[in-house]
Amino acid sequence: MKRILLVCTGNTCRSPMAQAILTRLLQSSATGAEEYEILSAGLSTIDGLAATSEAVITMSDEGIDLTYHKSRQLDTDLILNADYIFTMTGAQRDYLQDKFSDKIPVIHTINEFAGEGDKDIIDPLGRGLKAYQECAYQLKTLLPRVINKLQDLEKPGQNKRKLVIGGDHAGLELKRILIEALEADNYEIIDCGTFSTESVDYPDFAERVATVVLQHKIKGIIICGTGIGISIAANKIPGIRAALCYNLETARLAREHNDANIIALGARMLDDQLAIDIVKTFLVTEFAAGRHQRRVDKITQMEKKCLEGDKPGGLY
Ligand code: RB5
Numbered sequence: 540m541k542r543i544l545l546v547c548t549g550n551t552c553r554s555p556m557a558q559a560i561l562t563r564l565l566q567s568s569a570t571g572a573e574e575y576e577i578l579s580a581g582l583s584t585i586d587g588l589a590a591t592s593e594a595v596i597t598m599s600d601e602g603i604d605l606t607y608h609k610s611r612q613l614d615t616d617l618i619l620n621a622d623y624i625f626t627m628t629g630a631q632r633d634y635l636q637d638k639f640s641d642k643i644p645v646i647h648t649i650n651e652f653a654g655e656g657d658k659d660i661i662d663p664l665g666r667g668l669k670a671y672q673e674c675a676y677q678l679k680t681l682l683p684r685v686i687n688k689l690q691d692l693e694k695p696g697q698n699k700r701k702l703v704i705g706g707d708h709a710g711l712e713l714k715r716i717l718i719e720a721l722e723a724d725n726y727e728i729i730d731c732g733t734f735s736t737e738s739v740d741y742p743d744f745a746e747r748v749a750t751v752v753l754q755h756k757i758k759g760i761i762i763c764g765t766g767i768g769i770s771i772a773a774n775k776i777p778g779i780r781a782a783l784c785y786n787l788e789t790a791r792l793a794r795e796h797n798d799a800n801i802i803a804l805g806a807r808m809l810d811d812q813l814a815i816d817i818v819k820t821f822l823v824t825e826f827a828a829g830r831h832q833r834r835v836d837k838i839t840q841m842e843k844k845c846l847e848g849d850k851p852g853g854l855y
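In terms of my numbering, the sequence shown opens at residue 540 and continues consecutively.
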């Protein structure tokens, strides 16, 4: 049984409606509701509040009884025990991803998971019945796509190759292009953001991608304007070997000689097709080991010395 957690702020309007609609959709889908447990909670609420009267009316128009709903404050256990976490807004997703980096791969906005990009589920609170109806319409449109994607991801024998990607605002468009190209090649992509053109700091995305690379033992792609800042940042994390690649040869050698686990790209330095080819080269090239293993081991030893700090043999 997979546990799906829907998160909003107060857990009295959007997330209870999403929970009710998703539950009903699953009951009538081929997979069946018994394979999923659907929960909802609020980032900032108190336990036991009823759903707003507009939410109850809107759901009643859909033939769903929401009078039973009691709000629930989100807590660490709920997060850690969820297989998928869907937020209503990008801000809620970013907050949770920052706080629970282990769960980054399974924290998404509903829109993003449904393939609708960086949009929010509209907040109807205090905006009258019409806003609730719009919110319900949005949920009814998006949640069937969420179910399709979930079923796709859960299919046994899918054997999709997993990758993680992330970058700052300068890398946003190239990230989108790479995701499209790599998904067409049957890679499963974990997208750590950023998700909008708003100016952000590349070290935050280097850290997110690096965390997922180390935890899931998969390869990562990081992008900023030049690829320089984000690769410097990622390489501060022990276990990460991030290579800034700018042609097919550097991409191949980064794998063959350096066993790089992250490729860094400069979105403002490369044209799109070259960037796609560079990444594909990186992904299909194996580490040559041999004499290169000794050199990579020396890098690992240097990291160990740094981590040991002021202990004997430690650097600094
Ligand atoms: C952002 O304008 C830019 O500084 C950043 O994307 C990157 O190029 C840093 O190295």
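The beta carbon of each residue, even a glycine, is placed where N, CA and C say it ideally should be.
By C-beta, the residues closer than 6 Å to any heavy atom of the ligand GDP, given in chain order: Looking at this structure, you won't find the ligand GDP anywhere; what it does contain is the ligand RB5.
Does Y623 come out as helix, strand or coil in the three-state DSSP assignment? Here residue 623 is taken as the residue at index 84 of the sequence shown, counted from 1. If DSSP states are grouped into helix, strand and coil, Y623 belongs with the strands.
Please state whether DSSP places A799 in a helix, a strand or coil. For the purposes of this step, residue 799 is identified with residue 260 of the sequence shown, where counting begins at 1. Reduced to three states, the DSSP call for A799 is coil.
Short of 7 Å in beta carbon distance, which residues of its chain neighbour I728, apart from the five on each side in sequence? Order them along the chain. What you label residue 728 is simply residue 189 of the sequence shown in a count that begins at 1. So the qualifying residues of the chain are L702, I704, I718, L721, E722.
Can you tell me the Cα-Cα spacing of T626 and N786, whole angstroms? Along the sequence shown, read from residue 1 onward, the residue named residue 626 stands at position 87. Along the sequence shown, read from residue 1 onward, the residue named residue 786 stands at position 247. Going from the Cα of T626 to the Cα of N786 covers about 38 Å.
Whole-angstrom C-beta distance between I643 and V751, which should lie under 8 Å: Residue 751 sits at position 212 when you count from the first residue of the sequence shown. Residue 643 sits at position 104 when you count from the first residue of the sequence shown. V751 to I643, Cβ: 6 Å. Contact.
Contact defined as beta carbons within less than 8 Å: I believe R542 pairs with D622. What is the distance between those atoms, to the nearest angstrom? Here residue 542 refers to the residue found at position 3 when the sequence shown is read from its first residue. Here residue 622 refers to the residue found at position 83 when the sequence shown is read from its first residue. So it is a contact: roughly 5 Å between Cβ atoms.
Beta carbon of Q558 nearer than 9 Å to that of S583: On the sequence shown, position 19 is the one that residue 558 refers to. On the sequence shown, position 44 is the one that residue 583 refers to. Cβ distance not < 9 Å, so Q558 and S583 don't count as in contact.
Can you name the start and end residues of the alpha helix (DSSP H) that K819 belongs to? Your numbering for residue 819 matches position 280 in the sequence shown. Looking at the DSSP string, the run of the alpha helix (DSSP H) that includes K819 is 811 to 823.
Excluding the five sequence neighbours on either side, which residues of its own chain have a C-beta within less than 6 Å of the C-beta of F639, listed in chain order? Walking along the sequence shown from the start, residue 639 turns up at place 100. Contacts found: I618.
Leaving out five residues on either side along the sequence, give the residues of the same chain with a beta carbon under 8 Å from the beta carbon of Q631. As a working note, residue 631 is residue 92 in the sequence shown. Cβ within range, chain order: V546, C547, T548, L582, T648.
Buried or exposed for C731, going by 16 or more other Cβ atoms inside 10 Å? Mapped onto the sequence shown, residue 731 falls at position 192. Buried, since its Cβ has 16 or more Cβ neighbours within 10 Å.
Going residue by residue through the stretch 640 to 702, where are the continuous alpha helix (DSSP H) segments of at least 4 residues, counting only ones entirely within it? 649 to 652, 667 to 693
Let me know if L846 comes out buried or exposed under the rule of 16 or more other beta-carbons within 10 Å of its beta-carbon. What you label residue 846 is simply residue 307 of the sequence shown in a count that begins at 1. Counting Cβ neighbours within 10 Å, L846 comes out exposed, since fewer than 16 surround it.
Below 8 Å on the Cβ atoms is my guess for I762 versus G710; work out the distance and round it to an integer in Å. The sequence position of residue 762 within the sequence shown is 223, counting from 1. The sequence position of residue 710 within the sequence shown is 171, counting from 1. Right, the Cβ-Cβ distance comes to about 3 Å (below 8 Å), so this counts as a contact.
Comparing C-alpha positions only, which one of K775, K837, K843, T591 sits nearest to A670? On the sequence shown, position 131 is the one that residue 670 refers to. The candidate whose alpha carbon is nearest that of A670 is T591.
At which residues does the alpha helix (DSSP H) containing V546 begin and terminate? On the sequence shown, residue 546 is found 7 positions in, with the first residue counted as 1. Counting along the chain, V546 falls outside any alpha helix (DSSP H), though it belongs to the beta strand (DSSP E) covering 541 to 547.
Apart from the five residues on each side of it in sequence, which residues of its chain come closer than 7 Å, Cβ to Cβ, to G656? As a first step, residue 656 must be located in the sequence shown, where it is residue number 117. Within the same chain, G656 has close Cβ partners N650.
Just to confirm, are S579 and S599 a CB contact at a threshold of 9 Å? Within the sequence shown, numbered from 1, the residue matching residue 579 stands at position 40. Within the sequence shown, numbered from 1, the residue matching residue 599 stands at position 60. No, these two residues do not count as a Cβ contact at 9 Å.
Residues bridged to L578 by DSSP? By 1-based counting over the sequence shown, the position of residue 578 is 39. DSSP output for L578 lists L544 as bridge partner(s).
Compute the distance between the beta-carbons of A745 and K688, then report whether it is under 9 Å. Locating residue 745 in the sequence shown gives position 206, counting from the first residue. Locating residue 688 in the sequence shown gives position 149, counting from the first residue. Cβ distance not < 9 Å, so A745 and K688 don't count as in contact.
In three-state terms, what does DSSP make of G768? On the sequence shown, residue 768 is found 229 positions in, with the first residue counted as 1. G768 falls in the helix class under three-state DSSP.
Do the CB positions of T765 and R807 come within less than 9 Å of each other? Walking along the sequence shown from the start, residue 765 turns up at place 226. Walking along the sequence shown from the start, residue 807 turns up at place 268. Cβ atoms of T765 and R807: closer than 9 Å.
Helix or strand or just coil, what does DSSP make of I728? Taking the first residue of the sequence shown as position 1, residue 728 is located at position 189. Strand.
Of the choices Y741, E593, C784, Q636, whose alpha-carbon is the least far from that of L809? Against the sequence shown, residue 809 aligns to sequence position 270. Of the candidates Y741, E593, C784, Q636, the one whose C-alpha sits nearest the C-alpha of L809 is C784.
Three-state secondary structure assigned by DSSP to I704: Numbered from its first residue, the sequence shown carries residue 704 at position 165. Strand at I704.
Could you name the residues of the same chain whose beta carbon sits closer than 6 Å to that of L561, not counting the 5 residues immediately before and after it, in chain order? Residue numbering aside, residue 561 sits at position 22 when the sequence shown is read from its first letter. Same-chain partners within the cutoff: I577, L682.
Using only the alpha-carbon positions, how far apart do D724 and Q812 sit? Taking the sequence shown and counting its residues from 1, the one referred to as residue 724 is at position 185. Taking the sequence shown and counting its residues from 1, the one referred to as residue 812 is at position 273. D724 and Q812: Cα-Cα distance of roughly 15 Å.
Contacting residues, own chain, Cβ-Cβ under 6 Å from Y575 (five flanking each side not counted): Here the question's residue 575 lines up with position 36 in the sequence shown. Within the same chain, Y575 has close Cβ partners K541, I543, L565.
Please give the ranges of any beta strand (DSSP E) in the stretch 737 to 784, keeping only runs that are unbroken, at least 3 residues long and fully inside the region. 758 to 763, 781 to 783
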